[in-house]
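Q:
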Amino acid sequence: MEKHEMKLNTNELRQLRLVMDEFFRKGSDIKLREMFRFYDRNENGRIDLAELKSVMEQVSQGRVGDEDIRLMMQEADTNKNGTIEYPEFCEIMLKYRRNHSF
Numbered sequence: 001m002e003k004h005e006m007k008l009n010t011n012e013l014r015q016l017r018l019v020m021d022e023f024f025r026k027g028s029d030i031k032l033r034e035m036f037r038f039y040d041r042n043e044n045g046r047i048d049l050a051e052l053k054s055v056m057e058q059v060s061q062g063r064v065g066d067e068d069i070r071l072m073m074q075e076a077d078t079n080k081n082g083t084i085e086y087p088e089f090c091e092i093m094l095k096y097r098r099n100h101s102f
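Read in the UniProt record's numbering, the sequence shown has 73 at position 73, and its numbers run on one by one without any break.
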């Protein structure tokens, strides 16, 4: 099995920020799948807590703590299987966009 790097490299981080800008500021739902791929570091179709933590720490530049990340996971993981699948990711991201104006 190929080993996947948990941390985003500089180029990936820049790309993720552009994709997030498209989604949040311009309302582009087609960017959801692309965003999901950045979080799903091992490419297994699910985001686990370690993947969420790794990406969130980089995107927030350390401003989001472990407890906040745990709560994000708890809210997004609606089927309570310990991971965030793509439909759950879409649901939470669309909810977050509706509740936050940029």
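By construction, the Cβ of each residue, glycine as well, lies at the ideal position given by its N, Cα and C atoms.
Is the beta carbon of residue 73 less than 8 Å from the beta carbon of residue 41?
A: no
Q: So, are the CB atoms of residue 38 and residue 52 less than 8 Å apart?
A: For residue 38 and residue 52, no; Cβs fall outside 8 Å.
Q: Quick one: any contact between the segment 76-92 and the segment 53-61, if contact means 3 or more CB pairs under 8 Å?
A: In short, these stretches do not touch, since the Cβ pair count stays below three.
Q: Could you pull out every residue in the same chain whose Cβ sits closer than 8 Å to the Cβ of residue 97, ignoring the five residues on either side in sequence?
A: 23, 24 and 27
Q: Residues in its own chain within less than 7 Å of residue 47 by CB, not counting five upstream and five downstream?
A: 39, 40, 83, 84 and 89
Q: Taking 6 Å as the limit between beta carbons, can you name the residues of its chain near residue 64, skipping five residues before and five after?
A: 56
Q: Return the residue from the list 32, 19, 14 and 92 that minimises the CA-CA distance to residue 77.
A: The shortest Cα separation from residue 77 among 32, 19, 14 and 92 belongs to 92.
Q: Identify the continuous alpha helix (DSSP H) that holds residue 35 and give its terminal residues.
A: 32-39
Q: Can you tell me which of the three DSSP states residue 12 falls into?
A: helix
Q: Keeping to the same chain, check which residues put their C-beta closer than 7 Å to that of residue 69; ignore five residues upstream and five downstream.
A: Apart from sequence neighbours up to five positions away, the residues of its chain that approach residue 69 with a beta-carbon distance below 7 Å are 52, 53 and 56, ordered along the chain.
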